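Positions 44 to 118 (the working numbering) are the ones given, in order, by the sequence shown. Think of the CB as a built atom: it goes at the ideal place given N, C-alpha and C, for glycine as much as any other residue. Model, not experiment: these values are computed from the prediction.
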Amino acid sequence: MAENRVVEGRMVTPKRLAAIIEGDDVMDAEPIADADRDCPECGSNVLEVGYMPSVAEFVTGQKCQECEWHDTDRE
Ligand SMILES: [Zn+2]
44 MAENRVVEGR
54 MVTPKRLAAI
64 IEGDDVMDAE
74 PIADADRDCP
84 ECGSNVLEVG
94 YMPSVAEFVT
104 GQKCQECEWH
114 DTDRE
């Protein structure tokens, strides 16, 4: 079951949140969690989602709930 969260005022599924972070559709995404940090841009809550942009890659992405800030654990 997808656990939806509100991001920038909109309800998003884990796959939708991952797509916002990635800038493209992803194959699969894990449930959304709260990241252990605040947004460096606006200080709001940051969400975290693990996702697979392709079969060979797993990325952990973070996205602010209130502004456009996002980041991934990619090198
Ligand atoms: Zn922010």
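**OP:** Grab me the residues of CYS110's own chain with a C-beta within less than 6 Å of its C-beta, minus the 5 sequence neighbours each way, in chain order.
**Re:** For CYS110, the CB contacts under 6 Å within the same chain, skipping 5 residues up- and downstream, are GLU84 and CYS85 in chain order.
**OP:** Please list, in chain order, all residues with a C-beta atom less than 6 Å from at least one heavy atom of ligand 1.
**Re:** CYS82, GLU84, CYS85, SER87, CYS107, GLU109, CYS110 and TRP112
Subject >> Beta carbon of VAL98 nearer than 8 Å to that of MET70 >> reply: In contact: VAL98 and MET70 (Cβ atoms closer than 8 Å).
Original post:
Looking only at its own chain, which residues have a Cβ that is under 8 Å from the Cβ of ASP81, when we skip the five neighbours before and after it?
Top reply: SER87, ASN88 and VAL89
**OP:** Below 6 Å CB to CB, which residues in the same chain sit around ALA72 once its five sequence neighbours on both sides are set aside?
**Re:** PRO57, LYS58, ALA61, VAL92 and TYR94
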